[in-house]
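Novice: First residue of the sequence shown: 1, per UniProt numbering; consecutive thereafter.
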Amino acid sequence: MKVFIIYMFFNYLPRTNCNSLQYMVQMHQVLLRRQYAYSGIMPPSQVWYDLLRFPRSKKLVHLYDVCPSYIVKSRTIRQNRVFNGMDELGNGEIKNISYTTNFKMNTAQSVHEILDSMSQHSQQIEYQVQAILMLWSYYQRLPNTARPLLTKQLNKKIVPHLLSQIPNMDINELSVCYLYLRKMHVPNSDGTLQSILSRGLKLIELAVGKDLIPLQALSRLLVGINLERDFFTPLVCQHFKPHLEQHIADCQSEYQVRLVSTCLFQLHGLIHQELLDVYKHRVNELLQRGILNSGTPKALLKLLHMLNLPVWSNQNTTLIRQLMLQLRNCICTRQLEPNDLKSVCRTFLHHQEPAELMQPLKEATESLLQQESSADALSCAVPFMDLEQRDDYVRQFRKLLKSKSAWEQPNASGHFFSVLRALKIADVRDCDAYWAAVIRTLQTCSKEQTNLPFLRHCQRYMNFNNNLGGTYRHLEFERVVSRLCLDAIENSLTGRLPSKFAHMAAFVMAYGHTPFAWKKFPNILLSKLLAMMPQFNIQDCFLISRGIQIACELRFRHHVPSILGMQLSTIDSILIACSERHLLASEETSQPLKATDLNIIVRTLSHRKSLKNTQVYNLALERYKTLSIEDLNSRVVRDMAYNFNTSHFVVPALLESMFKYMTLQYNHITGDTVEKVLTCAYNLGYTPASLESLEYAAEIILRDFDQMSGLSVVQSCLALCYYKSIPDQLINLVFCTKFIQRIEEEIQICYSKATYPGLVLNRIMQLNRTVCLDFPEANVPWFQQNYVEAQLSKKSFKFSDFGTDIRLYLQGLLKDDKYFRCNHTTPYGYHIDFVIHFDKDKKPIPASPIEATMLDRITKVAILLLKLDSFCENDLSALRGPDSLKMKHLEMMGYKVLQINEHDWNSKHRMAPDAKANYLKCLLQIS
């Protein structure tokens, strides 16, 4: 238990005081010695015991100074015999192993013969190393139920014999023994394994600045150390970095790239941006020289895996794109292993580029699914499906969901969840079946609860619930997970870790199932939120904000109890303070905030209206002005477009950069990303500087027309119509029977039946209206009149205080209600607040209920009341796109359009007597 606690401290060391590290290391050494005493195992040797006791043992340092090559380069001939025939380990197999010795192990027919042979030759190091490699090969072929038996035999017969040989092993032999014993699940608590690792780490430390540790040995040790995350890697592996820097400088071959990428992946917590940039520069050189190409997929995949780490993924988009394009031929010719293909799919889905891979990945994943019927393969194929394939994929999903073996695969729940969301399954029976299966995995697997992976289920449920508009809930899942979360918060060490606590607190606050949940959050949540406030990172704040948002939508929409109101105010203050701290931290360190971090901060503050009305929210939005095109990629562009749409905040320079990125990456950016940019710019009323970018956008939409959702296509076309840049080909594709049927099918399978159908039909009506008015030469008929009339019958117009005030003034000016009409709807469905008709002498005449034409020789005046949300948040002179388009169309329909702004009408200079009446007289030109 004490060793476990030390490992836990190592895992979560970033939350601890760095000054106490030396005491923790000393404590760890004491526990190791205790273990030797209690188990009766002798330490490896007196010399090594002295090394553990005194990290700078004069005896060993003297030995090293006399013969520094002894530690790293000893027994070169023996090394060659052991390692020359061993190719890189990949996909669970050891390939091309050859042995030059005459040991009986070469003819062994079973695991027992190898174990017996190892016992007979326990004093021969090279024999032991070869035997471990061969046992690993056997281990992988065993069924899962038989593997623990082999591990037990290893612990009993082999591991103790290695103890006496450790002082004579070199770094290569130590790394092989440690890695493959760990892969065969010999625990780190084993005394022999601890001695192997301790000696290996000390050899690496002593070699710093003197000899270069082989890259293969560094790679093996790093992989072994990170298995099961028993250690805090940056502390344990702090002396690996100097060796790795030299290997990066010497990197010239595909094989070195593979190993260096593995090391960087395992050691990412210690890698700074400068070192990563040096390695990326070296990789670019190797790509240009042709050393890395489509014929070296293993190296490309290792690089891709390393560069796609979340800590720096968005900073490596350009290189990731190059690597994926190099892999295109391998995907088309089916050269990739299934796991590699899945990895490439997930990388593409995260970055949403390059677009050239969409069709090859679609075909490759379909082929994979025919060979491998699993949730993992299905989750890769579904995002690329055609609408016609959906029914077949749904049937496969339901079949796998009932399969016990499918749930036994690694991360099965995650793969099933990806399929559930990608297929947009809204059938309650399927949803219930999935979440019930998740409950069973939580209840039957103790490891799930120990390592707290139920936190992933928390976030999945919150996202899924949000996708369905809050209409779906699985109460039993909520109760089970809420109990697990509260128990961990109150009784577990994990409840003291801010990142874990934020996940659990968000779920508990969102769904309740706690005492007095109807009137307040648990008191322990508030006390821990206040205590951990200085330690919350950007992602932690986002999770807490999401939990509050869901709680207010699902549980407290109609009534907020007074106690809860005070708690919400406290949490708002915490989120504001944390967001301000994160924004100011970048200024103090002179390091600009990353685009991804800024997007998360803005979304955190957007979840609550009370947070959007703060100075910190405006400060966060202002930070967008510091970003440049170098910070952009498809993922960042999509997130920024979402934030700009929800906040109505316009940054012309950044919007122009988004259009420029779209133009420069024309071949790589997808239609869905282009739609996000176009819709954002249209909603904000921003027009790009060059029409060339709009031409590229139209071509991309045409290229990806079949892969985009119907709603995305319609919204793209609406934005292009606004800019007068929609090609005839695109109009013809949209206004045809085939596309209308496609829309109807999408509505049938959509997630949220309450909102999605109405949204799609409304956008189609707007597009039909715009094409009819702006592009009459397209000969598209107006077929939305029934929809407009149906919507009118559902609405009951009620004036706001702003509208009522203006109506009273108009009554005073025109003397009679018959001279103006309120809430008028035009034939194309536009709503006008007030309509006034003037004759040729500019005198008001009674407004006819029938739409007047130009032949009537009258002037139609449309008065539009523009509220604050008709303008951009940070520029009240910038009219947003939909309102601007409405004014243009009304003018085309013969109206003289006048606008009255709410912020101007209620301003101080309008408060003077007769000021508002005089304003209306001047506006209407009434004497």
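Virtual Cβ for every residue (Gly too), placed ideally from N, Cα, C.
1. In three-state terms, what does DSSP make of residue 751?
2. Does residue 252 come out as helix, strand or coil in the three-state DSSP assignment?
3. Out of 263, 584, 232 and 646, point me to the one whose CA is closest to residue 220's CA.
4. Going along the chain, which residues of its own chain have a beta-carbon closer than 7 Å to the beta-carbon of residue 303, five neighbours each way excluded?
5. Rounded to whole angstroms, what's the CA-CA distance from residue 873 to residue 618? Just pull it up for me.
6. Mapping the DSSP letters down to three states, classify residue 705 as helix, strand or coil.
7. Buried or exposed: which applies to residue 706, given that a residue is buried once 16 or more other Cβ atoms fall within 10 Å of its Cβ?
8. How many Å lie between residue 749 and residue 807 at the Cα?
9. Return helix, strand or coil for residue 830, following the three-state DSSP convention.
10. Once the 5 residues before and after residue 625 are set aside, which same chain residues still bring their CB inside 8 Å of it?
11. If you compare alpha carbons, which of 285, 730, 339 and 384 is closest to residue 355?
12. Once the 5 residues before and after residue 422 are set aside, which same chain residues still bring their CB inside 6 Å of it?
13. If you drop the 5 nearest sequence neighbours on each side, which residues of the same chain put their C-beta closer than 8 Å to that of residue 472?
14. What does the Cβ neighbour count give for residue 209, buried or exposed, with the cut at 16 atoms within 10 Å?
15. Look at the Cβ atom of residue 725, then the Cβ atom of residue 767, and state whether they are nearer than 8 Å.
16. What are the boundary residues of the beta strand (DSSP E) that residue 875 is part of?
17. Would you identify the three-state DSSP class for residue 822, choosing helix, strand or coil?
18. Report the three-state DSSP secondary structure of residue 898 (helix, strand or coil).
19. Along the chain, which unbroken stretches of the alpha helix (DSSP H) at least 4 residues long are found entirely within the segment 298-381?
20. CA-CA distance, residue 940 and residue 779?
21. Using a Cβ distance threshold of 8 Å, determine whether the segment 887-907 contacts the segment 816-834, with at least three qualifying pairs required.
22. Would residue 30 be called buried (16 or more neighbouring beta carbons within 10 Å of its own) or exposed?
23. Look at the alpha carbon of residue 329 and the alpha carbon of residue 294, and state the distance between them as a whole number of angstroms.
24. Indicate the three-state DSSP secondary structure (helix, strand or coil) for residue 521 in the structure shown.
25. Within 10 angstroms of the Cβ of residue 402, are there 16 or more other Cβ atoms? Answer buried if so, exposed if not.
26. Hey, how far is the Cα of residue 441 from the Cα of residue 458?
27. When you compare only the Cα positions, how much space is there between residue 213 and residue 675?
28. Identify the residues that DSSP records as bridge partners of residue 148: which are they?
29. With DSSP as the reference, label residue 129 as helix, strand or coil.
30. On the three-state DSSP scale, how would you describe residue 910?
31. Are the CB atoms of residue 532 and residue 498 nearer to each other than 8 Å?
32. Just curious, the alpha helix (DSSP H) that residue 171 is in, first and last residue?
33. Look up residue 837 in the DSSP assignment and give the residues it is bridged to.
34. Assuming contact is defined by CB atoms lying nearer than 8 Å, are residue 688 and residue 681 in contact in what I supplied?
35. Below 8 Å between beta carbons: does that hold for residue 865 and residue 900?
36. Measure the C-alpha to C-alpha separation of residue 194 and residue 239 and round it to an integer number of angstroms.
Specialist: On the basis of the supplied data:
1. Translated into the one-based positions of the sequence shown, residue 751 becomes position 751. Residue 751: coil per DSSP, three-state reduction.
2. In the sequence shown, the residue the question calls residue 252 occupies position 252. Of the three classes helix, strand and coil, the one that applies to residue 252 here is coil, per DSSP.
3. Taking the sequence shown and counting its residues from 1, the one referred to as residue 220 is at position 220. Out of 263, 584, 232 and 646, 263 has the C-alpha closest to the C-alpha of residue 220.
4. Start at 1 with the first residue of the sequence shown, and residue 303 comes out as number 303. Excluding sequence neighbours, residue 303 sits near 257, 261, 283 and 323.
5. To locate residue 873, count along the sequence shown from 1; it is residue 873. To locate residue 618, count along the sequence shown from 1; it is residue 618. Each residue's Cα considered, the two are about 9 Å apart.
6. Numbered from its first residue, the sequence shown carries residue 705 at position 705. Coil, per DSSP.
7. Taking the sequence shown and counting its residues from 1, one reaches residue 706 at position 706. The residue in question, residue 706, is exposed, as its Cβ has fewer than 16 Cβ neighbours within 10 Å.
8. The residue given as residue 749 occupies position 749 in the sequence shown. The residue given as residue 807 occupies position 807 in the sequence shown. Spanning the two alpha carbons is a distance of roughly 45 Å.
9. Mapped onto the sequence shown, residue 830 falls at position 830. Residue 830 falls in the coil class under three-state DSSP.
10. Residue mapping note: residue 625 aligns to position 625 of the sequence shown, counting from 1. Answer for residue 625: 651, 653 and 654, listed in chain order.
11. Reading the sequence shown from its first residue, position 355 is the one you call residue 355. It is 384.
12. Here residue 422 corresponds to residue number 422 of the sequence shown, with the count starting at 1. Correct list, in chain order: 382 and 383.
13. In the sequence shown, the residue the question calls residue 472 occupies position 472. If we look at residue 472 and ignore the five residues flanking it on each side, its Cβ neighbours are 426, 428, 431, 464 and 465.
14. As a working note, residue 209 is residue 209 in the sequence shown. Burial call: exposed.
15. In the sequence shown, the residue the question calls residue 725 occupies position 725. In the sequence shown, the residue the question calls residue 767 occupies position 767. Taking 8 Å as the Cβ cut-off, residue 725 and residue 767 do not qualify as a contacting pair.
16. Residue mapping note: residue 875 aligns to position 875 of the sequence shown, counting from 1. Unbroken beta strand (DSSP E) run through residue 875: 875-879.
17. What you label residue 822 is simply residue 822 of the sequence shown in a count that begins at 1. Note: residue 822 maps to strand in three-state DSSP.
18. For the purposes of this step, residue 898 is identified with residue 898 of the sequence shown, where counting begins at 1. It is a strand residue.
19. 317-326, 328-332, 338-351, 358-371 and 375-381
20. No answer is possible for residue 940: it lies beyond the span of the chain, which begins at 1 and ends at 927.
21. yes
22. Within the sequence shown, residue 30 is the residue found at index 30, counting from 1. Residue placement at residue 30 is poorly supported in this model, since its pLDDT is 44, which falls under 50; the coordinates still yield a value, given next. It is exposed - the Cβ of residue 30 has fewer than 16 other Cβ atoms within 10 Å.
23. Taking the sequence shown and counting its residues from 1, the one referred to as residue 329 is at position 329. Taking the sequence shown and counting its residues from 1, the one referred to as residue 294 is at position 294. The alpha-carbon atoms of residue 329 and residue 294 are separated by roughly 7 Å.
24. On the sequence shown, position 521 is the one that residue 521 refers to. Coil at residue 521, not helix or strand.
25. The residue labelled residue 402 in the question sits at position 402 within the sequence shown. By the 10 Å Cβ count, residue 402 comes out exposed.
26. In the sequence shown, residue 441 corresponds to position 441, counting from 1. In the sequence shown, residue 458 corresponds to position 458, counting from 1. The alpha-carbon atoms of residue 441 and residue 458 are separated by roughly 14 Å.
27. Locating residue 213 in the sequence shown gives position 213, counting from the first residue. Locating residue 675 in the sequence shown gives position 675, counting from the first residue. So the alpha carbons of these two residues sit roughly 51 Å apart.
28. On the sequence shown, residue 148 is found 148 positions in, with the first residue counted as 1. Answer by DSSP bridge pairing: none, since residue 148 is not bridged.
29. Taking the first residue of the sequence shown as 1, we reach residue 129 at position 129. It is helical.
30. Position 910 of the sequence shown, counting from 1, holds the residue named residue 910. Reduced to three states, the DSSP call for residue 910 is helix.
31. Position 532 of the sequence shown, counted from the first residue, corresponds to residue 532. Position 498 of the sequence shown, counted from the first residue, corresponds to residue 498. Yes, the pair counts as a contact, with Cβ atoms nearer than the cut-off.
32. Here residue 171 refers to the residue found at position 171 of the sequence shown. Segment 171-183, the alpha helix (DSSP H) holding residue 171.
33. Taking the first residue of the sequence shown as 1, we reach residue 837 at position 837. Paired residues: 845 and 860.
34. Along the sequence shown, read from residue 1 onward, the residue named residue 688 stands at position 688. Along the sequence shown, read from residue 1 onward, the residue named residue 681 stands at position 681. In contact: residue 688 and residue 681 (Cβ atoms closer than 8 Å).
35. Mapped onto the sequence shown, residue 865 falls at position 865. Mapped onto the sequence shown, residue 900 falls at position 900. Yes, the Cβ-Cβ distance between residue 865 and residue 900 is below 8 Å.
36. Within the sequence shown, the letter at position 194 stands for residue 194. Within the sequence shown, the letter at position 239 stands for residue 239. Residue 194 and residue 239: Cα-Cα distance of roughly 18 Å.
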